[in-house]
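Before any comments, here is the structure.
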DNA sequence: TCTTTTCTGAAATCTTTTCTTCATATTCAT
DNA sequence: ATGAATATGAAGAAAAGATTTCAGAAAAGA
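Chains as they are written, first to last, in this note's numbering: chain A, 28 to 317; chain B, 28 to 317.
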């Protein structure tokens, strides 16, 4: 069995009978807290097992590695395999299509984006953001960029139902001064800015910061320059096998925020939502006969 | 916050805005395959991120460590904690938050939606849809509903770059007759319609069907009534722990389609995209000085 | 545009780690 | 018990790694 197909643990097990006393002691020590215990320097590993460094060097050669560094690299790979979740790697999403089909490759990438972004997500940022958005004493402004305008629109649509005093700042910069005139200290502005970052959006953020508004930023892993001005930043991984970036993960975060804000405002919002539903129904009803 | 209570990832996050270009690049590289990527030698870490070793040394000092070895020891501890703690292991998306936090519950639901929807996806439908959308001899119309209008807009934004002759039919039903007048046999109309299904959208679909247009429908698992008229239907699961439905999975499918259409039209589209980029850059340039 | 400041990596230096040697200790066979 | 064979770790040599310095490059500011 070559080492490329075996784990270090297996190699140790297989050679268990050829080992000397000190080597056996070392082997045990490695296996006890496997595989992390083998991740330090050769000196640390030796000390930890109560043997000398040459013993470590000899053992790793005995089980088939060229030297300690190679042994350690193998361990690192195993750690990596253990840590990275099997969901993303081993499942085929669209069972009908081969793994190489764009549907499966794309979905893999998106899942990885979600995993990575959620792993990074600061839960305090999340909670504080939701609290800010649920605070109806603050006016709420929402702005997006060339591509992110759809996300901004999506967010706006929902917030508009949940609370009053929500403004979607459209991309026409001529109209900005009017919005900014209305912006008071401690109002909240939600900004979407992913690469390629737009100068105009940055200017708007600067003006909002000057006005004393709280800035909530949705950006990508490379961080829009607005991050320096923002009170709360959500950075999301957006890489997919496409000429474009993915907005899926950002939308996931946005929807989660909407869900949380909803529960926070529910007592107040309930009636508001019911009234709205009735109005929409009525609109539909009329249209039926036009 | 002292480094004993923070993970390396948090330290990187917290300092994200004080970092220089090369440092940010390095930080990303470490986070992408966290925490294993930081376990090699300083040389390996640097090479992996495409920066020099001094940059690595500087970064780890900046975020609070005395040097690279201390930084690496911290990472090893985290790996150990991750591996040895079976609870916090892999099902939790935002490691910081408990499993019951909305962030984790919501993400669970979305992943389940993706898994389910992709499992259902008919790959022929997908391929044929992309072929239709890549066929520039057909005019393309896009329409959404009250909530799905953002998705429609997102799809429109991208298709508009990829090909000519794309129309976003906005929600104002007064204007519909004009669009329908332009609609020829074998044109393509993409309709987004999830619950609660809108009568007005159904009427539009009926008229489009009469005009002989190919109908591509994005709907939910309960199928909009338009499904009966549609040539290709994508049904996605949209259930999340929220008062709202989720658009994340739909957006995933939409983005995948965009990616595929892009590769189909690339030879023709390339120049078109480059010209557009130049124009956007120019717009930015002007704005800088207004 | 030009100057100043900040950033970056090549190279040199210093440190640590890894490997090898070899003298001593241990085990096993007789 | 004695010698032969093997195992072990101290110590030093070799290699690799980490840190510092510094000059040129890039960015910011004037």
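We put the CB at the ideal spot given by N, CA and C, even for glycine.
For residue 146 of chain A, the residues of chain B that pass the 8 Å Cβ criterion are 36, 61, 120, 121, 122, in the order they occur in the chain. Between residue 221 of chain B and residue 175 of chain B, the C-beta spacing is below 9 Å. For residue 185 of chain A, the nearest beta carbon of chain B is closer than 9 Å to its own beta carbon. The DSSP-derived three-state label of residue 185 of chain B is helix. Contact between the region 217 to 235 of chain B and the region 151 to 171 of chain B is present: three or more C-beta pairs spanning the two stretches fall below 8 Å. Take the alpha-carbon of residue 161 of chain A and the one of residue 299 of chain A: they are about 14 Å apart. Between the C-alpha atoms of residue 195 of chain A and residue 238 of chain B there is a straight-line separation of about 36 Å.
Around the beta-carbon of residue 172 of chain A, 16 or more other beta-carbon atoms lie within 10 Å, marking it buried.
Annotation: the continuous alpha helix (DSSP H) that includes residue 135 of chain B extends over 129 to 147.
In this model, residue 134 of chain A and residue 74 of chain A are separated by some 46 Å (Cα to Cα). Residue 72 of chain A and residue 83 of chain A have their alpha carbons spaced roughly 8 Å apart. Where residue 195 of chain A is concerned, the enclosing beta strand (DSSP E) starts and stops at 193 to 196.
The distance from the Cβ of residue 150 of chain A to that of residue 123 of chain B is about 4 Å, consistent with a contact at the 8 Å cut-off. For residue 284 of chain A, the three-state secondary structure derived from DSSP is helix. By the CB criterion at 9 Å, residue 95 of chain B and residue 69 of chain B fall inside the cutoff. With respect to the 9 Å criterion, residue 153 of chain A and residue 137 of chain B are not classified as neighbours on the basis of their beta carbons. Residues of the region 82 to 109 of chain B with a C-beta less than 7 Å from any C-beta of chain A: 103, 106, 107, 109, listed in chain order. Nearest to residue 207 of chain A by alpha-carbon distance, out of A/231, A/127, A/60, is A/231.
With three or more CB-CB distances shorter than 8 Å, the region 286 to 298 of chain B counts as touching the region 270 to 288 of chain A. For residue 247 of chain B, the three-state secondary structure derived from DSSP is strand. Rounded to the nearest whole angstrom, the C-alpha separation of residue 291 of chain B and residue 259 of chain B is 19 Å. In the structure shown, the three-state DSSP call for residue 262 of chain B is strand.
Apart from sequence neighbours up to five positions away, the residues of its chain that approach residue 102 of chain B with a beta-carbon distance below 7 Å are 35, 62, 65, 66, ordered along the chain. By the C-beta density criterion, residue 205 of chain A is exposed, having fewer than 16 other C-beta atoms within 10 angstroms. Cα atoms of residue 210 of chain B and residue 235 of chain B: separation of roughly 7 Å, rounded to the nearest angstrom. 9 Å or more divides the Cβ of residue 87 of chain A from the Cβ of residue 52 of chain A. Taking each of A/183, A/104, A/146 in turn and checking the Cα distance to residue 58 of chain B, the smallest one comes out for A/146. In terms of Cα proximity to residue 284 of chain A, the closest of A/197, A/212, A/265, A/178 is A/178. Residue A/288 holds the alpha-carbon nearest to the alpha-carbon of residue 185 of chain A among A/288, A/142, A/163, A/240.
Residue 76 of chain A and residue 56 of chain A have their alpha carbons spaced roughly 5 Å apart. For residue 98 of chain A, the uninterrupted alpha helix (DSSP H) segment begins and ends at 95 to 110. Residue 169 of chain A sits in a strand when the DSSP states are folded into three classes. Residue 194 of chain B has a beta carbon lying at 9 Å or more from every beta carbon in chain A. Out of B/225, B/223, B/141, the CA that lies nearest to the CA of residue 281 of chain B is found in B/141.
Boundaries of the beta strand (DSSP E) around residue 217 of chain A: 215 to 219.
In the DSSP assignment, residue 153 of chain B falls within the alpha helix (DSSP H) that extends over 150 to 161.
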